[in-house]
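The next block holds one structure in the form of structure tokens; read it before the comments.
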Amino acid sequence: MTELLWLWIVLGVVLVVGVGSALVVPRLRGRRRDDVGAPTLDDAPARDGVASPERTAVDEAPETPVAPDAAPALETPAPVAGRMVRLRDRLARSGSPLGARLLSVLSRDHLTEDDWDELEETLLLADIGAGPAEELLKALRTRVRVEGVRDPAAVRELLRSELVKVVDPTMDRTIATTRPLVDGKPKPAVVLVVGVNGTGKTTTVGKLARVLVAEGRTVVLGAADTFRAAAADQLTTWGARVGVETVRSDRDGADPAAVAFDAVAKGAQDGVDVVLVDTAGRLQNKAGLMDELGKISRVITREAPLGEVLLVLDATTGQNGMQQAKVFSEVAGVTGIVLTKLDGTAKGGIVVAVQRELGVPVKLVGLGEGPDDLAPFDPEDFVDGLLG
Amino acid sequence: MFNSLSDRLTATFKNLRGKGRLSEADIDATVREIRRALLDADVAVPVVREFTAAVRERALSAEVSGALNPAQQVVKIVNDELVTILGGQTRALQLAKTPPTVIMLAGLQGAGKTTLAGKLALALKDQGHTPLLVAADLQRPNAVTQLSVVAQRAGVPVFAPHPGNTSDHDMADGALVGDPVGVARDGVAEARSKQHDVVIVDTAGRLGVDQVLMQQAADIRSAITPDEVLFVIDAMIGQDAVTTAQAFAEGVDFTGVVLSKLDGDARGGAALSVAQVTGRPIMFASTGEKLTEFEVFHPDRMASRILDMGDVLTLIEQAEKAFDADEAEKMAAKVAQGEDFTLSDFLVQMQQMKKLGSMKKMLGMMPGMADMREQLENFDEREVDRVQALIQSMTPAERDNPKIINGSRRARIARGAGQTTAAVNGLLDRFAQAQKMMRQMSKGGGMPGMPGGMPGMPGMPGGGKKSRGKQQPKKKVKGKSGNPAKRAQQEREAMQRALGGGAKKPAPAGSAFGVSGTGEDQQAAADLENLQLPGDLGKLLGGGR
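Taken in sequence, the protein lines are chains A and B. Read in my numbering, the first sequence has 40 at position 40, and its numbers run on one by one without any break. Read in my numbering, the second sequence has 202 at position 202, and its numbers run on one by one without any break.
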């Protein structure tokens, strides 16, 4: 039996890789471009939407200009001899070994290794990850040398501004909830909520529905989590509290894509503003479940374009969060992240890496179990939390 | 995809060939790599620091300097240390002398407590116990309903006097719902009166910093004096694992840990953090959404997983699931008889491989795939679909005898599959080479089913690219506990031991605890040996560039 099994695996791998790999490289390029192109086009009409209700509710301006300290090093009004700074800056950016050597001669590192270790530890403890932390600190070291900063506290401030830059407060963090026009007919804005098990998808959908209702919008919920016991009941409970109808299947284990389609169709028929579709939790390495998710999003787009695909990430998640974001983005084209359970001790630093790599912004944060504990993401506060 | 630790260490040591001893700087480089591997696996920073210090000390001692292959030696040290911490205090569930045994579950929201309650109940029921589930999670909407459904699926009774937080029972914002302490107490009393010998109390998820809810959990604990308090923690958790574990250790003083969602691809460094910081044993692993996907924790597998050393055992297990015994036997027989391996066989094989899930992941699980990593990264899963489309565009006659495929047939196949003729040519070329390889193998005589496996696999043409030229003797079926049937048996026995109160002290209600503790140790050793063997396999495949 074992021998058979092994033979089988080995042969399969050899054959598939051998046969497959030759065709891979040239094809890969062409297709990648398509992949990137398609979702952006779909998103375009939806993105033009007005600011999301909860944003206006909190009355917060996301487009605040970047703080002056985030300006490029060149323009920093250096207290020390400006020319020296400029020279060191050029050397730092020259990238040649000679430049780097010269820079180290011309500038001194005023901070001890312990100071740097402490900074690194802060980043690591916030789940930013070893790789990104290393890169951030490397950039910071160069900047510190160039500007001749001597004080650890000032370095911390610089790190903060670097982080804010990565999180990018200028990004569009509104949730697309305007009704798109399809062939001249208005369709409901569809928000699909995805994520791994136990991150709080159903709760997020429930809270989001409350926010929308509070803004005077009409909402339909779609309980496309047909797998977990009582998930649809949980969603119905959330909906019933604010008088929102929930479309659900009459039995467990029904086709989630069908439920999602029904929900969107019902929303279109009743002329509601927003349809929120809750999906079952799925681990990103389960190929079958990810295919199912792909089907859900395909089927929905037949009725109305997807306005928003929200990935729910648990703030306690460690480095695996990156993998989750990657795979879910590939399959469902994630347009925003909801960071939940931020009321605990976890800091959710993984989203820094996610945003750096995938450019998907965090749009909402979950702050607890209370029905109204959903807030818009505030980059500055978040970064302070990471370093605090 | 990160390079595995062993690959990176090998790279670190590559420059050291010819040097007799390891300098301090070499050790530093090594320790840095280990540190990075642990951090990437989400092991908590303080634990990493402690751990690398210990490894460093051992690495500096003579055992490494004198070793022939320092990289492997260091990996071995790290692995040993990990297994020691992870498995140092593995033990079985403690059953009460006088039933009912009370088990309480606690953890963060979404860790998987309710699902675990069902799994545990089912496993205990299979061991001949009569568990009762108590729904003391009145906080989350419809958690009680979920537990009832889970209980029904597991076929065990549930005690749920309070409907919990539902639409009928509305609650004030943020207020605590019902009286979970009372429910838990009544649940235990109910079990006593109805003669259930195990009670599993499912509690609401709570954060370590939530004073009110932690107090409530402590109250539940003191009200029911559980024999076991299991702390359920998500394998994906990051640096917060330590804070959370400490909070729960203080709050409810848990006696054991269950690692959930291990079927994901998180490396699960949290296991190490929790084991190290709290000193409580990790007892079970929850590995899927089905109620049967629940197993005893394996420290050795976890260690190689944290280090990203390729999890061969998991690979075997996944293969087993997708494995169609009849199909494979048919094929083996075919190869053994010297019949040609045809494109239709290939198609069947490919479809089975696909059932295993992502090809990339699977290949990544094999240890020693360093040379191929880059290629793997470029490997497009849909390539498999494309090859499948090509084969499916052929007639059965063409599949059985690709030689008849002439120019016009090629053009037709390409059109049918929506691809170019070049793709058809490529496939046929590669297939011809693969076929040749299969023929050589069958001539070599070392075929499955024979004791000793398949010796002397000739230098594989590796998908028609570069031959290794060197023979790779293959001896992987030596120790053999990769045997699915036997493994399943071991798995069952281990579970039985873990649930029933351990081999040393057979519980009254349990049955058939035949296997002694040492038996398992040997098996674990065999498992480890099995783990090493596929290294050859990796090298073999490494030629497939």
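Just so you know, even glycine gets a beta-carbon here, dropped at the ideal spot from N, CA and C. Since the structure is predicted, the reported quantities are computational estimates derived from the model, not experimental observations.
Smallest Cα separation from residue i: which of the options?
i                : options                                   : result
Val144 (chain B) : B:Arg280, B:Thr130 and B:Phe159           : B:Phe159
Arg415 (chain B) : B:Asp429, B:Met394, B:Gly426 and B:Gln127 : B:Met394
Leu307 (chain B) : B:Gly418, B:Asp265 and B:Asp137           : B:Asp265
Ala285 (chain B) : B:Gly128, B:Val232, B:Ala333 and B:Ala241 : B:Val232
Lys97 (chain B)  : B:Met437, B:Pro226 and B:Ala389           : B:Pro226
Arg153 (chain B) : B:Leu120, B:Arg58 and B:Asp179            : B:Leu120
Thr317 (chain A) : A:Asp89, A:Asp114, A:Asp115 and A:Ala126  : A:Ala126
Phe261 (chain A) : A:Met290, A:Val220, A:Gly368 and A:Val213 : A:Val220
Val191 (chain A) : A:Val351, A:Ile337 and A:Leu111           : A:Ile337
Phe51 (chain B)  : B:Glu33, B:Glu81 and B:Ala41              : B:Glu81
Arg179 (chain A) : A:Glu330, A:Ser161 and A:Val264           : A:Val264
Interface residues of chain A around residue i at Cβ under 8 Å?
i                : result
Val45 (chain B)  : Glu121, Leu124 and Leu125
Thr342 (chain B) : By Cβ distance, chain A contributes nothing, its closest Cβ being about 12 Å from Thr342 (chain B), past 8 Å.
Leu108 (chain B) : Thr316, Lys341 and Gly344
Lys261 (chain B) : Val196, Asn197, Gly198 and Leu283
Asp179 (chain B) : In chain order: nothing, as chain A lies at least about 18 Å away.
Mind listing the chain B neighbours of residue i? Cutoff is C-beta to C-beta under 8 Å, in chain order.
i                : result
Ile350 (chain A) : Gly238
Gly200 (chain A) : Gln109 and Gly110
Glu369 (chain A) : Gln109, Gln139, Arg140 and Gly174
So which residues of chain B does residue i contact, with C-beta pairs closer than 7 Å?
i                : result
Asp343 (chain A) : Leu207
Asp233 (chain A) : Asn142 and Thr145
Ala229 (chain A) : Gln146, Val149 and Val150
Ala130 (chain A) : Arg36, Leu39 and Asp40
Taking only the alpha-carbon atoms, compute the straight-line gap between residue i and residue j and give it to the nearest angstrom.
i                : j                : result
Lys113 (chain B) : Asn197 (chain A) : 12 Å
Met353 (chain B) : Ala37 (chain B)  : 29 Å
Arg31 (chain A)  : Gly333 (chain A) : Residue placement at Arg31 (chain A) is poorly supported in this model, since its pLDDT is 43, which falls under 50; the coordinates are not used for a value here.
Val198 (chain B) : Leu105 (chain B) : 13 Å
Asp263 (chain B) : Gln109 (chain B) : 19 Å
Gly344 (chain A) : Glu215 (chain A) : 28 Å
Ala61 (chain A)  : Gly359 (chain A) : Annotation note: pLDDT 42 at Ala61 (chain A) (below 50); position unreliable, coordinate value reported separately. Each residue's Cα considered, the two are about 20 Å apart.
Ser61 (chain B)  : Ala54 (chain B)  : 11 Å
Leu364 (chain A) : Leu339 (chain A) : 6 Å
Gln239 (chain B) : Arg173 (chain A) : 27 Å
Leu235 (chain A) : Val149 (chain B) : 16 Å
Arg430 (chain B) : Leu347 (chain B) : 14 Å
Glu308 (chain A) : Ile175 (chain A) : 7 Å
Lys504 (chain B) : Glu228 (chain B) : Because Lys504 (chain B) sits at a pLDDT of 38, beneath the cut-off of 50, its placement in the model cannot be relied upon, and the following sentence gives the value as read from the coordinates. Approximately 18 Å, taken between the alpha carbons.
Met214 (chain B) : Ala249 (chain B) : 11 Å
Ala133 (chain A) : Asp378 (chain A) : 21 Å
Leu313 (chain A) : Thr115 (chain B) : 20 Å
Arg141 (chain A) : Leu87 (chain A)  : 16 Å
Asp252 (chain A) : Thr226 (chain A) : 5 Å
Gln433 (chain B) : Arg302 (chain A) : 45 Å
Ala547 (chain B) : Ile282 (chain B) : The structure shown has nothing for residue 547 (chain B), since chain B only spans 1 to 545.
Lys165 (chain A) : Glu147 (chain A) : 18 Å
Ala29 (chain B)  : Leu159 (chain A) : 27 Å
Val296 (chain B) : Ala411 (chain B) : 55 Å
Gly155 (chain B) : Ala230 (chain A) : 17 Å
Check the Cβ of residue i against every Cβ in chain A and list those closer than 9 Å, keeping chain order.
i                : result
Gly251 (chain B) : Per Cβ cutoff of 9 Å: no residues; Gly251 (chain B) is ~13 Å from chain A at best.
Gly264 (chain B) : Val196, Asn197, Leu283, Gln284, Asn285, Lys286, Asn320, Gln323 and Gln324
Arg56 (chain B)  : What Arg56 (chain B) touches in chain A: nothing, since even the nearest Cβ is about 16 Å away.
Gly418 (chain B) : Residues of chain A passing the Cβ test: none, with the nearest at roughly 12 Å.
Thr243 (chain B) : Gly344, Thr345 and Ala346
Check the C-beta distance from residue i over to residue j and give it rounded, since I have them as a contact under 8 Å.
i                : j                : result
Leu230 (chain B) : Phe254 (chain B) : 7 Å
Ala280 (chain A) : Arg241 (chain A) : Not really, about 22 Å apart at Cβ, beyond 8 Å.
Gly205 (chain B) : Arg140 (chain B) : 7 Å
Gln324 (chain A) : Gly129 (chain A) : So it is not a contact: roughly 13 Å between Cβ atoms.
Using a Cβ cut-off of 9 Å, pull out every chain B residue sitting near residue i, in sequence order please.
i                : result
Glu245 (chain A) : Going along chain B, no residue has its Cβ under 9 Å from Glu245 (chain A), so there is no contact; the nearest lies around 13 Å.
Say yes only if the C-beta of residue i is nearer than 6 Å to one or more non-hydrogen atoms of the ligand ADP, and no if none qualify.
i                : result
Arg430 (chain B) : For the ligand ADP, the structure offers nothing, since it holds no ligand at all.
Show which residues of chain A have a CB atom less than 7 Å away from the CB atom of residue i.
i                : result
Asp400 (chain B) : Ordered by position in chain A, no residue passes the 7 Å Cβ test against Asp400 (chain B), which lies about 17 Å from the chain.
In chain order, what are the residue ranges of uninterrupted beta strand (DSSP E) at least 3 long that sit wholly in the segment 193-250 of chain A? 219-224 and 245-247
So within the segment 74-113 of chain B, which uninterrupted beta strand (DSSP E) runs reach at least 3 residues, ignoring any that extend past its ends? 101-107
Whole alpha helix (DSSP H) elements within the segment 271-331 of chain A, 4-residue minimum: 287-303
Quick one: complete alpha helix (DSSP H) runs, 4+ long, within the segment 134-216 of chain B? 143-154 and 180-193
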